[in-house]
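Under my numbering, the first residue of the sequence shown carries the number 2, and numbering increases by one thereafter. Note that the Cβ used here is the ideal one computed from N, Cα and C, for glycine as well.
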Amino acid sequence: MEKAGRSYRSRRLFGLRRTRYHITCRDTGCFGSGNFTGSDKLTGSGDRSQRIRTALSGYQGDEQQARNSFGSSDASTRRLAIGALERLGCLEPSDLVTALEDPDPSVRRRAAEASAKVPEIDLRPLLADPVSSVSEAAAFAIGEQMAVNSIELLIEMAAGHEDPLCRESAIAALGALTTLDHGDRDAILQCLLSAMTDRPQIRRRAVLGLFQFDEAIAHEALTSALSDNDRQVRAAVGDLLGVPVD
2 MEKAGRSYRS
12 RRLFGLRRTR
22 YHITCRDTGC
32 FGSGNFTGSD
42 KLTGSGDRSQ
52 RIRTALSGYQ
62 GDEQQARNSF
72 GSSDASTRRL
82 AIGALERLGC
92 LEPSDLVTAL
102 EDPDPSVRRR
112 AAEASAKVPE
122 IDLRPLLADP
132 VSSVSEAAAF
142 AIGEQMAVNS
152 IELLIEMAAG
162 HEDPLCRESA
172 IAALGALTTL
182 DHGDRDAILQ
192 CLLSAMTDRP
202 QIRRRAVLGL
212 FQFDEAIAHE
222 ALTSALSDND
232 RQVRAAVGDL
242 LGVPVD
């Protein structure tokens with residue numbers, strides 16, 4: 002019961018929120034309420050027109066348009082088609098498998114994000130994607146999938162990836178995976194402890210994972226983090242331990 006409470010508290014306070022792609026109306030490229038009344042009258046030519054029709058198909062219930070766009074020669078249209086099919090509830094695992102092998106990184110990234118809700122999709126190959134934004138999205142999605150078969154690769158990413166956002170996503174995913182019963186908890190613990198020497202945003206992620214451990218070394222690391230030179234790290238630990246910090 003105590004461990005379940007810890008998991009709830011850490012997710013409630015900080016969750017697995019992304020930091021790289023936080024954009025309103027991500028798939029349509031617009032900002033606002035998402036009211037598309039009368040938008041079927043929009044006209045255009047070429048790729049722009051196709052992108053508009055694809056984005057709107059997800060709101061207008063037009064699965065056929067979304068599927069036609071999924072095979073477009075335009076990468077932005079293919080990316081929008083993933084979002085449209087997802088909104089319509091028609092995105093199949095086979096669609097994601099195809100999109101994850103797309104030559105365009107923006108399509109692979111969008112497919113990785115959508116795979117977060119589809120645990121049968123194996124995202125491990127994307128952790129080694131040459132484009133770091135794709136790897137970051139894959140690590141995030143793996144954490145949402147709770148895919149324990151990815152732990153070793155996540156540890157490698159957390160320890161050695163050159164992009165700090167990839168390391169952060171890997172640490173966040175590992176923190177989520179500490180709530181499950183498996184044989185890799187010791188390896189995760191050592192990785193989280195090592196992450197406490199990384200950048201502040203990565204240390205903040207690490208403390209959430211360390212909070213799931215009963216080992217004395219994890220408690221010592223959290224106690225030490227109460228005097229971290231980053232205020233947000235101190236605040237995160239203080240909230241988890243229920244102690245005031247300055």
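Anyone know if the C-beta pair for residue i and residue j falls short of 7 Å?
i    : j    : result
A142 : A117 : yes
S195 : C167 : no
A115 : I83  : yes
A85  : V108 : no
L241 : F212 : yes
A174 : A140 : yes
I218 : D185 : no
M158 : L127 : no
D164 : S133 : yes
C91  : E64  : yes
A222 : M197 : yes
D231 : P201 : yes
Which of helix, strand or coil does DSSP assign to residue i?
i    : result
E221 : helix
M197 : coil
S34  : Its pLDDT being 41, under 50, S34 is placed unreliably in this model, and the coordinates cannot settle the point.
E137 : helix
R27  : The pLDDT assigned to R27 is 40, lower than 50, so where the model puts this residue is not dependable; a value taken from the coordinates is nonetheless given after this. It is coil, neither helix nor strand.
V119 : coil
V244 : coil
N230 : coil
M158 : helix
P104 : coil
S74  : coil
T99  : helix
A148 : coil
P91  : Position check: residue 91 holds Cys in this sequence, whereas Pro was assumed. Residue state, collapsed to three classes: coil.
G62  : coil
P131 : coil
D48  : helix
Q213 : coil
D187 : helix
L166 : helix
R178 : The identity of residue 178 in the sequence shown is Leu, whereas the question assumes Arg. Looking at L178 - three-state DSSP - the assignment turns out to be helix.
L124 : coil
Pop quiz: residue i and residue j are said to be a contact at Cβ under 8 Å. What is the actual Cβ separation, rounded to whole angstroms?
i    : j    : result
D189 : T179 : It is Ile, not Asp, that sits at residue 189 in the sequence shown. Going by Cβ atoms, the distance from I189 to T179 rounds to 6 Å, so yes, they are a contact pair.
T78  : A67  : Contact doesn't hold; Cβ gap of about 10 Å is too wide.
A177 : M147 : 7 Å
R80  : G59  : Rounded, the Cβ-Cβ distance is 12 Å, inconsistent with contact.
L154 : R110 : Incorrect: roughly 18 Å between the Cβ atoms, too far for contact.
L227 : G210 : Incorrect: roughly 17 Å between the Cβ atoms, too far for contact.
Pair every Cβ in the segment 229-240 with every Cβ in the segment 192-210, then say whether three or more of these pairs are closer than 8 Å. yes
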